[in-house]
Amino acid sequence: MIRLSIILHPSRLILLVAIPMAAAQRPAYCQEATTFPLRPPAEPERVERLRSHGLSPVPAVLVHFLEHGFAPSTRLADLPPVPALKSQIVIDAIVESARQRVLQAAPTLANMVRGLPSEGIRSIVRWDIEQQRASEREQFEANIMRTLRLNAIVALGLIGDTNYNYELATVLEREKDPELKIATALALATVGSRAGLSDLVREARRANRTTSVAAAHALNFITGLDYGPAADDPVTRRRAAAKRWKTWWRHYGKIFRPERDQVLARRLTPPIQPNPRDPRTVRDLADRIAYPEDPRWTVDAYDARERLRLMGPAALEGLERIIADKSENLRIRREAIILYSRMATTAYSGQSPATGQPRRAYRAIRRLRWDRNPEIREVARECLRRFRARR
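Those letters in the sequence shown? Residues 6 to 396, per the working numbering, in order.
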């Protein structure tokens with residue numbers, strides 16, 4: 006399953022998705038909106054996919070493709086084998102139309118928002134469906150159509166044609182899928198409408214790690230306020246973020262109006278990439294290991310593990326403080342529990358039981374069985390099972 010986006014963190018679904026969910030690895034670094042207008046650069050891989058399928062990434066070609074699909078004489082089986090799902094090319098065309106803000110594509114995108122893609126696009130979807138096992142086709146079709154709608158909603162908001170606010174408002178009123186509602190509320194705010202703000206605040210106040218994070222991210226684009234929560238925040242921080250949004254809504258909900266230029270600029274401004282630095286503390290090293298793809302550090306995860314090993318007892322003490330911190334980032338804390346349990350058993354495996362370190366580690370992790378975060382309780386139980394197996 007793959008996902009792509011030009012405006013938010015990527016979100017893995019069946020094709021390309023334009024909204025961040027639980028898969029977001031960590032919150033974006035804050036940045037003020039740049040001067041409007043802003044057009045993000047084209048993604049070379051997407052442009053190459055379009056060109057390899059005979060589609061030049063220019064407005065007229067993109068609009069014609071979204072309205073009619075491939076040429077009638079085209080045999081989809083003869084097209085390049087990558088991507089295997091040709092609906093991917095449809096999403097590429099939608100995303101590129103949004104990037105270029107192709108106004109002429111808005112009517113076709115509005116039909117997709119209604120769940121009514123053109124016949125040419127339907128023929129592409131049908132071909133993809135036929136490549137699946139018979140037992141999986143119904144769910145596969147539902148996933149593709151949902152993904153088309155989701156990307157069309159995002160694109161319609163970025164293009165900024167207010168003539169299709171009714172279609173977006175209808176989705177907001179009737180749709181039950183929280184991901185689609187969040188995308189729709191953000192699209193409406195991008196064209197200056199406040200219609201979906203209450204839905205976003207309500208979702209953010211649920212304080213979960215999926216839709217609440219997505220709603221808060223959308224509110225950050227709309228308001229410029231970074232109240233959270235982030236995907237890896239513990240329960241206490243998520244509830245504090247929910248309370249902040251509740252307070253903001255109580256004080257400003259009736260008077261706040263989205264500034265469309267500012268919302269669009271925030272969405273299109275890439276996050277600041279910090280300069281990599283050398284991890285110095287036990288927490289820095291645990292952070293590096295927990296987020297192996299994070300560009301903030303100068304060493305890789307393997308080197309971070311080696312540094313922890315060489316620190317010896319100091320590493321164990323630092324990890325013990327991390328796992329006891331209930332306000333710590335969940336992913337870092339979870340990784341610290343795993344590291345602590347392994348280091349405590351491995352480092353002292355050949356020494357006298359009088360050291361007491363494995364027993365101390367067992368007791369420290371055992372206390373986590375009653376932690377308020379289910380993710381911590383789960384990893385603690387797994388580590389305890391490993392401890393018992395070594396006895």
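Backbone N, C-alpha and C fix where the C-beta goes; we use that ideal spot for every residue, glycine too.
Nearest to residue i (by Cα), restricted to the options the options
i: residue 288; options: 365, 326, 268, 264; result: 326
i: residue 365; options: 197, 347, 379; result: 347
i: residue 377; options: 52, 242, 293; result: 242
i: residue 176; options: 163, 166, 201; result: 201
i: residue 204; options: 154, 258, 164; result: 258
i: residue 67; options: 44, 82, 126; result: 126
i: residue 153; options: 143, 121, 172, 182; result: 121
i: residue 235; options: 209, 317, 145; result: 209
i: residue 162; options: 178, 193, 174; result: 193
Integer Cβ distance of residue i from residue j, believed to fall under 8 Å
i: residue 160; j: residue 100; result: 7 Å
i: residue 389; j: residue 382; result: The pair is not a contact, with the Cβ atoms about 11 Å apart (cut-off 8 Å).
i: residue 482; j: residue 197; result: Only positions 6 to 396 of the chain appear in the structure, and residue 482 is not among them; the question remains open.
i: residue 118; j: residue 147; result: In fact, because the Cβ distance is near 16 Å, the residues do not count as touching under 8 Å.
i: residue 221; j: residue 229; result: Not quite, the Cβ-Cβ distance comes to about 13 Å (not below 8 Å), so this is no contact.
i: residue 312; j: residue 237; result: At roughly 22 Å, the Cβ-Cβ gap does not stay under 8 Å, so residue 312 and residue 237 are not in contact.
i: residue 103; j: residue 169; result: The pair is not a contact, with the Cβ atoms about 13 Å apart (cut-off 8 Å).
i: residue 216; j: residue 178; result: Going by Cβ atoms, the distance from residue 216 to residue 178 rounds to 18 Å, so no, they are not a contact pair.
Own chain, CB closer than 7 Å to residue i, minus 5 neighbours either side, in chain order
i: residue 226; result: 191, 268, 271, 272
i: residue 70; result: 60, 98
i: residue 303; result: 281, 282, 283
Residue burial classification, residue i (beta-carbon count within 10 angstroms, cutoff 16)
i: residue 369; result: buried
i: residue 276; result: exposed
i: residue 92; result: buried
i: residue 130; result: buried
i: residue 375; result: exposed
i: residue 260; result: exposed
i: residue 214; result: buried
i: residue 35; result: Legend: pLDDT at residue 35 = 38, less than 50; position of this residue unreliable, value from coordinates given subsequently. Burial call: exposed.
i: residue 133; result: buried
i: residue 309; result: buried
i: residue 1; result: The requested residue 1 is not part of the displayed model; the chain covers only 6 to 396.
i: residue 87; result: exposed
i: residue 186; result: buried
Cβ-based neighbour list, residue i, same chain, cut-off 6 Å, excluding 5 preceding and 5 following
i: residue 344; result: 324
i: residue 334; result: 237
i: residue 279; result: 301
i: residue 90; result: 133
i: residue 292; result: 337
i: residue 392; result: 367
Beta-carbon contacts of residue i that lie in its chain and below 8 Å, excluding the five residues immediately before and after
i: residue 339; result: 295, 380, 381, 384
i: residue 56; result: 62
i: residue 164; result: 102, 103, 106, 107, 108, 110, 111, 114
Residue i Cβ short of 7 Å to the ligand NAD heavy atom set
i: residue 92; result: Within the structure as shown, the ligand NAD is missing, as the structure has no ligands at all.
- Task: Any chance you could list the alpha helix (DSSP H) runs of at least 4 consecutive residues sitting entirely within the segment 276 to 352, in chain order?
- Result: Whole alpha helix (DSSP H) segments, 4+ residues: 287 to 295, 306 to 316, 318 to 329, 335 to 352.
- Item | Contained alpha helix (DSSP H) runs [length at least 4] in the segment 49 to 134, N- to C-terminal order | Secondary structure within the segment 49 to 134: the alpha helix (DSSP H) runs of 4 or more consecutive residues, fully enclosed, are 49 to 57, 64 to 73, 92 to 105, 111 to 118 (chain order).
- Query: Taking only runs of the alpha helix (DSSP H) that begin and end inside the segment 214 to 289, which ones reach a length of at least 4 residues, in chain order?
  - Reply: Whole alpha helix (DSSP H) segments, 4+ residues: 216 to 228, 240 to 257, 265 to 273.
- Message: As an exercise, report each continuous alpha helix (DSSP H) stretch of at least 4 residues that is fully enclosed by the segment 131 to 215, in chain order.
- Response: Unbroken alpha helix (DSSP H) stretches of 4 residues or longer found wholly inside the segment 131 to 215: 142 to 164, 170 to 179, 183 to 195, 202 to 209, given in chain order.
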